[in-house]
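Enquirer: One structure, pasted below without further comment.
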Amino acid sequence: MAEFVSLADAIAASVFDGDAVAMEGFTHLIPFAAGHEVIRQERRDLTLIRMTPDVIYDQLIGAGCASRLIFSWGGNPGVGSLHRFRDAVENGWPSPLLLEEHRHAGMANRYVAGASGVPFAVLRGYRGTGLENLPGLDGQPTVKPITCPFTGETLTAVAALRPDVTIIHAQQADRAGNVQLWGIVGVQKEAVLAASRAVVTVEEIVDRLTPQPGAVVLPAWTVDYIACVPGGSHPSYALGYSQRDNDFYVAWDAISRDRERFGQWLKSDVQGPARPAADAGAVLTGAGNAVGASSRSAGDAWGGTA
Amino acid sequence: MAEFVSLADAIAASVFDGDAVAMEGFTHLIPFAAGHEVIRQERRDLTLIRMTPDVIYDQLIGAGCASRLIFSWGGNPGVGSLHRFRDAVENGWPSPLLLEEHRHAGMANRYVAGASGVPFAVLRGYRGTGLENLPGLDGQPTVKPITCPFTGETLTAVAALRPDVTIIHAQQADRAGNVQLWGIVGVQKEAVLAASRAVVTVEEIVDRLTPQPGAVVLPAWTVDYIACVPGGSHPSYALGYSQRDNDFYVAWDAISRDRERFGQWLKSDVQGPARPAADAGAVLTGAGNAVGASSRSAGDAWGGTA
Amino acid sequence: MTGTPRQVSSLVPDDTQDTAYTSDEMMTVCASRALRDGMTCFVGIGLPSTAANLARATHAPNLVLIYESGTIGAKPAWLPLSIGDGVLAETADAVVSVPEIFNYWLQPGRIDVGFLGAAQLDRFGNINTTVIGPSYDQPKVRLPGAGGAPEIAASCREVIIVIRQSTRSLVERVDFITSVGYGDGAGYRERLGLTGAGPRKVITDLGVMEPDPVSRELTLTGIFPGVAVADVAARTGWDLAVSAHLQVLTPPSDAELAAVRALQARIPEGAGS
Amino acid sequence: MTGTPRQVSSLVPDDTQDTAYTSDEMMTVCASRALRDGMTCFVGIGLPSTAANLARATHAPNLVLIYESGTIGAKPAWLPLSIGDGVLAETADAVVSVPEIFNYWLQPGRIDVGFLGAAQLDRFGNINTTVIGPSYDQPKVRLPGAGGAPEIAASCREVIIVIRQSTRSLVERVDFITSVGYGDGAGYRERLGLTGAGPRKVITDLGVMEPDPVSRELTLTGIFPGVAVADVAARTGWDLAVSAHLQVLTPPSDAELAAVRALQARIPEGAGS
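Chains as they are written, first to last, in our numbering: chain A, 4 to 309; chain B, 4 to 309; chain C, 871 to 1143; chain D, 871 to 1143.
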């Protein structure tokens, strides 16, 4: 049953060294503030799981939190490479990163299998591609051919994903702990239902959820911890509350390209005394354009190049 | 791409003797008016597919339209038996009815497989039950054990469903032919996407769809024919437009128990000159309580016993 | 499960006519007591739905009701006739598709308790709702079939079954296994890999049976006031084992009776008949 | 696909400075022309998204745009930077989950055309977006990976690929097959049971290649005005076959150019920078 706590307490209670951690959000509603808290609490040896390990996992990988990554697309959307991810894979810096690489359809179905309590999912795909034969993290395959028992056709089985903990960001929780997210809802429901523990940061806590078109509702009894972190998905966005800070994504290219500059950013903007205040500062700006504006000025501070 | 036609034209263009026809709607939004049109057009030798072949299929079976039934629960919800269904199974009247019997989870997943373009779905279930070993309509199994290629665990595979035509009722279509339904959305999306052809009857046609919480939207290019049939789900209901006519469901028990009384009902209320007018008459009563009221007086006409 | 309640006069002392109760009321109250507050409960229509809503109206206000129509956390103000009445969707925390309710919610074993009726039930808690008679192809009585029951029986953490006691309904071996209880006894569920624990209680109009912890055979553990063990045995189709710790169950309290009657008297909003 | 457009001055006659166009503009226009009105189109970000939106703004107003973020029938008023910008969700006919977009919409082959970019492309239209270098484990360049591209390549009824022409990007054999084109040639897709027909057009900044109907080898069938076949061959990593029916492609019309520039100039609503 959902418990309302601070972000720091939520992470301290649910993310442990060596855990398999999924932070989901498909471009929209990415739980950046929670990711920063994981960096601040210096978790190590994590298996990071995410369909699109974009800027959020570039930060966690660069900060040395991860030793393994399960993913299907590792780029800075619309911008280019993830330099910290590449540095880890190409040069082993700050430490080697073992990969379990899939594709979106495979990752999505692996979460579906996890959420459904079955050990695998069936799809078309993988056949004829290099991804068909890559080993999983433990050296065992997570992709295998499977024969339809009715038609004899060969399809593909992918192994279920069951994170130790899934962390997402949502627009709202009500006081009973029911969570509502809407807009692009991605794979968050499946990631939460597949996990042993679930943490949700929200833009706001409301007396009663007003049903929204296209919304996913996670009942309180499917969530463990809820922390109210307005702006907690910046530079991603929360539909109805903020806009995607595209400037920051563009600026990240230069920040992350250089190890030293990345280190400075980490110190000043995540670990340093300034950043927790800034993350908390977002609490004050609340909803709508206010967050958009603060996002954009933050983007400018990174020396936005767009 | 969706074409707006009359109900009679929609059925004439899409349902043919010998077809596999799915009419879906889980208690809510059951396409009764379309079912009556199939009876009026005297389609024969249909394979009827439906998770809950309740009163609507009792009517089609009693009218002699069906020779085969694929289903998972054949009762009058909250009332009792389906007497026409039982008469067909127990006594072969008006003609024998071959069964392909599943359970809800299996039927739902068979539609999911059909909608997903794969020949089977995997679930837990069937093991240890009599349903595990029942043959399909062609004598071949539609349920088989399947081994997880990763864990070695035995699960169950069910064969995909791919109806020739799926018929559903929805609240709204816009003028471009996009369809929106909400409330209990059941398995309609899957049934439409699994089928070769799709027919939708709607409560009303609107200029523009207003997104509704919990709605399923079927883009115009997934639908073949749309007919505006207000009240077209009576005695089932359309959330926001009408209420379930529980009296009719109770009254159906007496109407359907006796072959002769059923035949009279068929003549007077479906095939006769009165009934098409009454079905069309529903067009005039439009939305909200008006339909509820007409439903209820209709229920009284059946000699409601509730 | 919607038959007219029978007055069980033998259960009622003559001088307490105002607290007289029917066997259906006793069953309903007894079933509602088996639900604890905060549980998630997968509900079938009829008596299970009445009992679950009674629990929510009395001792378990935070009981989470889930119906196979995809309504999660429904809070109906009156008793629905079907599992898909509008009031369930309108009051639910979330409404999901039918594939989703089975795949994401029921199958993984995240529901605490499943609540089922049965046409036939056997000594090991197996349920038949498919056909009566020795042959599936030529049944004596064609029943509705499985619906969502097999998955509820397989996957809920535990199962409660309500059924009226008679030698026709409680049989040595069901004619057809629609939903698995304990199969042929100890170890059966484990061999099949069923994730739920199976039937915890069978509540009839005469008492309560629970599976023997070792053999899994249904054993009489509770009896309603005024009912004799011999009566129960006579209306059971197998040689009924009786627990050494057989208890006489507490009759419905005035508050419970008032609540169940209020619930059943409540008319759907907007209904005129 | 978001690099700064290069001015291709050689393509532009000196006396038509007002209609001068860049190679990216020519590619975009050429790609947009490949889309027919009423088609359903699965769109990748960057040039594919620009081209699809250009088609929607010009000759194909009823083109249905589908992004892997689950937005079906998106009608963005400006070009999104990512496949998940808010404008896509806000203007879509329907927004579905990521599992659903892949399982119900892409996998069954109901999408007419898939629109992809590539880091490396080979003679048989196979795409690499995973690693550059001979070894997956020790790559020279680690690329983003597959994303939704393999399913788009496998399941859309046909595929259009946009890529800049160079011997580094157009290679005899890709270092890693991320998304299958025609594999090793004729019959390959059929043997794997891939439901879509595969790449129909590869549009580069110099011209258009199409698969040979028999061998499936990519063959030069169109060339931009002012480009020599030898230039194209020199920037292709295999011995490029040239169609007997090679056509010189029509340069962007004034209307097309105006439309593509208007599209790229449009600022997201509410954006200040």
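Quick reminder that beta carbons are idealized off the backbone N, C-alpha and C, glycines included. Only a predicted model underlies this, so the values are computations on that prediction, with no experimental measurement involved.
#1: Grouping DSSP H, G and I as helix and E and B as strand, with all else coil, what is LEU85 of chain B?
#2: Listed from N- to C-terminal order along the chain, which residues in the segment 134-155 of chain A have their beta-carbon within a distance smaller than 8 Å of any beta-carbon of chain D?
#3: With DSSP run on the structure shown, which of helix, strand or coil describes GLY60 of chain A?
#4: In three-state terms, what does DSSP make of GLY21 of chain A?
#5: For chain D, is any of its Cβ atoms less than 7 Å away from the one on THR132 of chain A?
#6: VAL368 of chain A lies in the alpha helix (DSSP H); which residues open and close that run?
#7: Below 8 Å between beta carbons is the criterion; list the residues of the segment 50-81 of chain B that meet it against any residue of chain C, in chain order.
#8: Quick check: the Cα distance between GLY1077 of chain C and LYS1071 of chain C, rounded to an integer number of angstroms?
#9: Tell me which same chain residues have a C-beta within less than 8 Å of the C-beta of VAL1118 of chain C, skipping the five on either side of it?
#10: Using the Cα positions of ILE1137 of chain D and TRP948 of chain D, report the straight-line distance between them to the nearest angstrom.
#11: Where does ILE52 of chain B sit, in a helix, a strand or coil, going by DSSP?
#12: Measure the C-alpha to C-alpha separation of VAL1112 of chain C and ILE208 of chain A and round it to an integer number of angstroms.
#13: Going by DSSP, name the residue or residues bridged to CYS1026 of chain D.
#14: Got a sec? Which residues, its chain only, sit under 7 Å from ARG1145 of chain C by beta carbon, not counting five neighbours each side?
#15: If we ignore side chains and look at the alpha-carbon of each, how far apart do ALA197 of chain B and ARG165 of chain B end up?
#16: Nearest to PHE972 of chain D by alpha carbon, out of D:GLY954, D:ALA1128 and D:GLY940?
#17: Please determine if the segment 21-38 of chain B and the segment 176-195 of chain B are in contact, where contact requires at least 3 C-beta pairs separated by less than 8 Å.
#18: May I have the straight-line CA-CA distance separating ILE149 of chain A from THR159 of chain A, to the nearest angstrom?
#19: Is there a Cβ from chain C that is less than 7 Å from the Cβ of ALA118 of chain A?
#20: Kindly indicate which three-state DSSP category VAL1102 of chain D falls into: helix, strand or coil?
#21: Have a look at ALA285 of chain B and ALA1100 of chain C and give me their C-alpha separation to the nearest angstrom.
#22: Starting from GLN44 of chain B, trace the alpha helix (DSSP H) in both directions and tell me its first and last residue.
#23: Between which two residues does the alpha helix (DSSP H) holding TYR114 of chain A run?
#24: For LEU63 of chain B, I'd like the list of residues in its chain whose CB is within less than 7 Å of its CB, leaving aside the five on either flank, ordered along the chain.
#25: Going along chain C, which residues have a C-beta under 7 Å from GLU104 of chain B?
#26: Please classify ALA1135 of chain C as buried or exposed, where buried requires at least 16 other C-beta atoms within 10 Å of its C-beta.
#27: Within its chain, find whatever has a CB closer than 7 Å to the CB of ALA179 of chain B; leave out the 5 residues flanking it on each side and keep chain order.
#28: Just checking, does the segment 1020-1028 of chain D make contact with the segment 119-132 of chain A on the three C-beta pairs under 8 Å criterion?
#29: Nearest-angstrom Cα distance between GLY275 of chain A and THR928 of chain D?
#30: From THR1106 of chain C to ARG264 of chain B, what distance separates their C-alpha atoms?
#31: Quick one, which residues of the segment 166-194 of chain B are near chain D if we go by CB-CB under 8 Å, in chain order?
#32: DSSP on GLU1126 of chain D, reduced to helix/strand/coil?
#33: Measure the CB-CB distance between SER902 of chain D and LEU935 of chain D and report whether it falls below 7 Å.
#34: Going by CA-CA distance only, name the one from B:GLY186, B:GLU206 and B:GLU103 that's closest to HIS172 of chain B.
#35: Out of D:ALA959, D:VAL1050, D:ASN996 and D:THR920, point me to the one whose CA is closest to THR1065 of chain D's CA.
#36: Under 7 Å Cβ to Cβ from HIS107 of chain B, same chain only, skipping five residues before and after it: list those, please.
Expert: Checking against the coordinates, here is how it stands:
#1: By 1-based counting over the second sequence, the position of residue 85 of chain B is 82. Coil, per DSSP.
#2: LEU134 and LEU137
#3: Taking the first residue of the first sequence as position 1, residue 60 of chain A is located at position 57. Looking at the sequence itself, residue 60 of chain A is Tyr, so the reference to Gly does not match. Here TYR60 of chain A sits in helix by DSSP.
#4: In the first sequence, the residue the question calls residue 21 of chain A occupies position 18. Correct three-state label for GLY21 of chain A: coil.
#5: Here residue 132 of chain A refers to the residue found at position 129 when the first sequence is read from its first residue. Chain D, which has a Cβ nearer than 7 Å to the Cβ of THR132 of chain A, makes this yes.
#6: Past the boundaries of the shown model lies residue 368 of chain A; chain A is included only from 4 to 309, so the question cannot be answered.
#7: MET54, THR55, PHE74, SER75, TRP76, GLY77, GLY78, PRO80 and GLY81
#8: For this step, residue 1077 of chain C is matched to residue 207 along the third sequence. For this step, residue 1071 of chain C is matched to residue 201 along the third sequence. Distance between the alpha carbons of GLY1077 of chain C and LYS1071 of chain C is about 10 Å.
#9: The residue given as residue 1118 of chain C occupies position 248 in the third sequence. Answer for VAL1118 of chain C: GLY1092, ILE1093, PHE1094 and PRO1095, listed in chain order.
#10: Locating residue 1137 of chain D in the fourth sequence gives position 267, where the first residue counts as 1. Locating residue 948 of chain D in the fourth sequence gives position 78, where the first residue counts as 1. C-alpha separation (whole angstroms): 7 Å.
#11: Mapped onto the second sequence, residue 52 of chain B falls at position 49. It is a strand residue.
#12: If you number the third sequence from 1, residue 1112 of chain C lands on position 242. If you number the first sequence from 1, residue 208 of chain A lands on position 205. When rounded, the distance between both Cα atoms is 53 Å.
#13: As a position in the fourth sequence, residue 1026 of chain D is number 156, starting the count at 1. Bridge partners of CYS1026 of chain D: none, in fact.
#14: Any answer about residue 1145 of chain C is impossible in this case: the structure gives chain C only from 871 up to 1143.
#15: Here residue 197 of chain B refers to the residue found at position 194 when the second sequence is read from its first residue. Here residue 165 of chain B refers to the residue found at position 162 when the second sequence is read from its first residue. Each residue's alpha carbon lies about 5 Å from the other.
#16: Looking up residue 972 of chain D in the fourth sequence gives position 102. Cα-wise, what sits closest to PHE972 of chain D is D:GLY940.
#17: yes
#18: Taking the first sequence and counting its residues from 1, one reaches residue 149 of chain A at position 146. Taking the first sequence and counting its residues from 1, one reaches residue 159 of chain A at position 156. C-alpha separation (whole angstroms): 5 Å.
#19: Here residue 118 of chain A refers to the residue found at position 115 when the first sequence is read from its first residue. Interface residue (Cβ-Cβ distance to chain C less than 7 Å): ALA118 of chain A is classified as such.
#20: As a working mapping, residue 1102 of chain D is identified with position 232 in the fourth sequence. In the three-state reduction of the DSSP assignment, VAL1102 of chain D falls in the helix class, which pools H, G and I.
#21: Taking the second sequence and counting its residues from 1, the one referred to as residue 285 of chain B is at position 282. Taking the third sequence and counting its residues from 1, the one referred to as residue 1100 of chain C is at position 230. With a pLDDT of only 37 at ALA285 of chain B, under 50, the local geometry of the prediction cannot be trusted, and no value is derived from it.
#22: As a working mapping, residue 44 of chain B is identified with position 41 in the second sequence. Careful: GLN44 of chain B lies outside any alpha helix (DSSP H) and carries neither H nor E.
#23: Taking the first residue of the first sequence as 1, we reach residue 114 of chain A at position 111. Looking at the DSSP string, the run of the alpha helix (DSSP H) that includes TYR114 of chain A is 107-119.
#24: For the purposes of this step, residue 63 of chain B is taken as the residue at position 60 of the second sequence. Result list for LEU63 of chain B: GLY38, VAL41, ILE42, LEU51 and ALA69, in chain order.
#25: Numbered from 1 along the second sequence, position 101 holds the residue referred to as residue 104 of chain B. Ordered by position in chain C, the residues that pass the 7 Å Cβ test against GLU104 of chain B are GLY1015.
#26: Residue 1135 of chain C sits at position 265 when you count from the first residue of the third sequence. Exposed, since its Cβ has fewer than 16 Cβ neighbours within 10 Å.
#27: Taking the second sequence and counting its residues from 1, one reaches residue 179 of chain B at position 176. ALA223.
#28: By the criterion of at least three beta-carbon pairs nearer than 8 Å, the segment 1020-1028 of chain D is in contact with the segment 119-132 of chain A.
#29: Here residue 275 of chain A corresponds to residue number 272 of the first sequence, with the count starting at 1. Here residue 928 of chain D corresponds to residue number 58 of the fourth sequence, with the count starting at 1. Cα to Cα, GLY275 of chain A sits roughly 51 Å from THR928 of chain D.
#30: Within the third sequence, numbered from 1, the residue matching residue 1106 of chain C stands at position 236. Within the second sequence, numbered from 1, the residue matching residue 264 of chain B stands at position 261. For THR1106 of chain C and ARG264 of chain B, the distance between alpha carbons rounds to 38 Å.
#31: ASN181, LYS192 and GLU193
#32: Counted from its first residue, the fourth sequence places residue 1126 of chain D at position 256. Correct three-state label for GLU1126 of chain D: helix.
#33: The residue you call residue 902 of chain D lines up with position 32 of the fourth sequence. The residue you call residue 935 of chain D lines up with position 65 of the fourth sequence. In this structure, SER902 of chain D keeps its C-beta atom at 7 Å or more from the C-beta atom of LEU935 of chain D.
#34: Along the second sequence, one-based indexing puts residue 172 of chain B at 169. The shortest Cα separation from HIS172 of chain B among B:GLY186, B:GLU206 and B:GLU103 belongs to B:GLU206.
#35: As a working note, residue 1065 of chain D is residue 195 in the fourth sequence. Nearest of D:ALA959, D:VAL1050, D:ASN996 and D:THR920 to THR1065 of chain D, Cα basis: D:VAL1050.
#36: Position 104 of the second sequence, counting from 1, holds the residue named residue 107 of chain B. Result list for HIS107 of chain B: MET54, SER75 and TRP76, in chain order.
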